[in-house]
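Residue numbers (this note's numbering): 2 to 170. Beta carbons: idealized from backbone N, C-alpha and C, even for Gly.
Spelled out as structure tokens, the structure:
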């Protein structure tokens with residue numbers, strides 16, 4: 002109810018909340034990556050171009066995943082449905098980033114199933130970005146994920162954030 006006392010509109014408050022949570026998610030990812038690189042002593046091996054490409058890919062994948070989460074939250078009406086759907090997505094994401102079993106050890110149908118996952122391509126994007134190979138592919142894929150995230154956000158907003166409305170007092 003605090004927004005009723007605020008001079009800002011509901012649209013401004015909503016966009017500020019979404020932006021603040023997105024900034025927290027991206028900062029958390031950056032801190033995690035930098036600390037991981039420092040702990041594994043990888044930061045001395047990376048060149049500046051690979052580091053910048055890596056952080057661009059982290060930003061684009063974080064934006065896409067954040068907007069996907071907003072889209073999923075908009076579709077489902079209660080917390081149990083959201084948690085059930087997120088568990089399915091989590092298992093799919095874990096299998097597609099080859100945490101448990103390397104991709105080459107899976108049967109052909111498993112490889113085909115994993116290669117249909119968007120998370121497999123997010124993982125490959127991060128690997129290629131931090132290795133500094135295929136700059137054009139990394140930038141093109143990052144652009145695709147940023148545009149996809151914006152589209153998901155606009156679909157979940159249901160045009161409510163884009164239309165001007167008068168404040169109710």
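Let me know the secondary structure DSSP gives residue i once reduced to three states.
i: residue 88; result: helix
i: residue 111; result: helix
i: residue 134; result: coil
i: residue 102; result: coil
i: residue 118; result: coil
i: residue 155; result: helix
i: residue 45; result: coil
i: residue 124; result: helix
i: residue 10; result: coil
Taking the straight line between their C-alpha atoms, what separation do you get for residue i and residue j?
i: residue 152; j: residue 109; result: 33 Å
i: residue 67; j: residue 45; result: 30 Å
i: residue 54; j: residue 47; result: 11 Å
i: residue 101; j: residue 41; result: 21 Å
i: residue 63; j: residue 147; result: 9 Å
i: residue 112; j: residue 49; result: 34 Å
i: residue 137; j: residue 126; result: 11 Å
i: residue 92; j: residue 73; result: 16 Å
i: residue 28; j: residue 65; result: 15 Å
i: residue 114; j: residue 85; result: 20 Å
i: residue 13; j: residue 89; result: 33 Å
i: residue 141; j: residue 23; result: 22 Å
i: residue 150; j: residue 106; result: 32 Å
Is residue i close to chain D, meaning its C-beta is less than 9 Å from at least one C-beta of that chain?
i: residue 139; result: The structure shown contains no chain D; it holds only a single protein chain.
Which stretch, first to last residue, makes up the alpha helix (DSSP H) that contains residue i?
i: residue 52; result: 49-76
Self-check item: Contact between the stretch 20-39 and the stretch 114-124 (3+ Cβ pairs under 8 Å)
Solution: no
Exercise. State whether the stretch 121-130 contacts the stretch 49-59, with contact taken as three or more CB pairs (one from each stretch) at a distance under 8 Å.
Key: yes
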